[in-house]
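Visitor: My questions will all concern the structure given below.
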Amino acid sequence: MKLFQVRKGQFVYFENELHKVYAVKPMYKKSIHLIRLRDLTQVLSKAAEIEKYQPKERDSFIFNKKVYTLSRERKAEVGDYVLITNPNPDILDYYTLNAIEIVSSVENKGVITNDSNGIRHNEYLLMVPGRNENSNAIEYRERPTNDDRDLTDETSIYNDLLPIIGDVYKKSNKDSELEVMVVGVNDTTVFLGNGSQVPQEELMDTEKWLFQYNLVEK
818 MKLFQVRKGQ
828 FVYFENELHK
838 VYAVKPMYKK
848 SIHLIRLRDL
858 TQVLSKAAEI
868 EKYQPKERDS
878 FIFNKKVYTL
888 SRERKAEVGD
898 YVLITNPNPD
908 ILDYYTLNAI
918 EIVSSVENKG
928 VITNDSNGIR
938 HNEYLLMVPG
948 RNENSNAIEY
958 RERPTNDDRD
968 LTDETSIYND
978 LLPIIGDVYK
988 KSNKDSELEV
998 MVVGVNDTTV
1008 FLGNGSQVPQ
1018 EELMDTEKWL
1028 FQYNLVEK
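Residue numbering for the sequence shown follows my numbering, beginning at 818 and increasing consecutively.
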């Protein structure tokens, strides 16, 4: 891409993985600041190193170690993630193209998000947890085509989502401020910094825990 074509919020491929542009700073050699959607790692690139992608309904991708499929089949509910694909903000709202926000309340014409933005139902795509069988996986620009390599690739993606040492998770319960780091992993048991142990599956359940970042990579 050319630098003048790059905009904040664009979905792009960088080094074959899906990222989102969060800043453009032309005065720097690596002027494009990206967030890798798979784990929210921040990286720097040049405009010539990225390729734009416009997300659409039935696309599926990994966001913050969870798989989601974009859908219009139902309206968002409290706690859902939405991807804003048709932004038309009022004067008091500050959302932009491809912003990802959490729904805090639902009204007839739209939703109110955790950032206090009022978003109409026709302005977003719902991020439904899981990969729909008819979805188009977009987390990688190029994927293997034969069955054996597809299986290997899916296994690799799953392994990328598993908790590792340095991952920080927060309790999904709104009444809890508990935030803990993974300090050890033994088979399917994860050891947390507060002295507790939890099964891998529990830590990957978004209704119980939300991945924040990896302390080592941050």
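Backbone N, C-alpha and C fix where the C-beta goes; we use that ideal spot for every residue, glycine too.
Give the straight-line distance between the Cα atoms of Glu-1018 and Leu-978, rounded to the nearest whole angstrom.
Guide: If you take the alpha carbons of Glu-1018 and Leu-978, they lie about 11 Å apart.
Visitor: May I ask you to report which of helix, strand or coil DSSP gives Met-864?
Guide: Reading off the sequence shown, one finds Ala at residue 864, where the question assumed Met. Note: Ala-864 maps to helix in three-state DSSP.
Visitor: I want to know whether the stretch 834-842 touches the stretch 883-902 - three or more CB-CB distances under 8 Å.
Guide: They do not touch, by the three-pair rule.
Visitor: Using the C-alpha atoms, what's the distance from Tyr-911 back to Tyr-845?
Guide: Going by the C-alpha atoms only, they are around 26 Å apart.
Visitor: Just tell me which of Val-1015, Thr-913 and Gly-935 has its CA closest to the CA of Ser-922.
Guide: Of Val-1015, Thr-913 and Gly-935, the residue nearest in Cα terms is Gly-935.
Visitor: Going by beta-carbon coordinates alone, are Leu-914 and Leu-942 separated by less than 8 Å?
Guide: No, the pair does not count as a contact, with Cβ atoms beyond the cut-off.
Visitor: Once you ignore the five residues that flank Thr-969 on each side, which residues in its own chain have a CB closer than 6 Å to its CB?
Guide: Unreliable positioning characterises Thr-969 in this predicted model, as indicated by a pLDDT of 45, which lies under 50. A coordinate reading is not provided.
Visitor: Count the other CB atoms within 10 Å of the CB of Leu-871; is the residue buried (16 or more) or exposed (fewer)?
Guide: According to the sequence shown, residue 871 is Gln rather than Leu. The residue is exposed, with fewer than 16 neighbouring Cβ atoms inside 10 Å.
Visitor: Considering Leu-943, what are the terminal residues of the alpha helix (DSSP H) in which it resides?
Guide: First-last for Leu-943: 941-946, but that is the beta strand (DSSP E), not the alpha helix (DSSP H).
Visitor: Would you say Glu-868 and Tyr-830 are within 8 Å of each other, going by their C-beta atoms?
Guide: In this structure, Tyr-830 lies closer than 8 Å to Glu-868 by Cβ.
Visitor: Just the C-alpha distance for Lys-1025 and Ile-908, rounded to the nearest angstrom, thanks.
Guide: When rounded, the distance between both Cα atoms is 35 Å.
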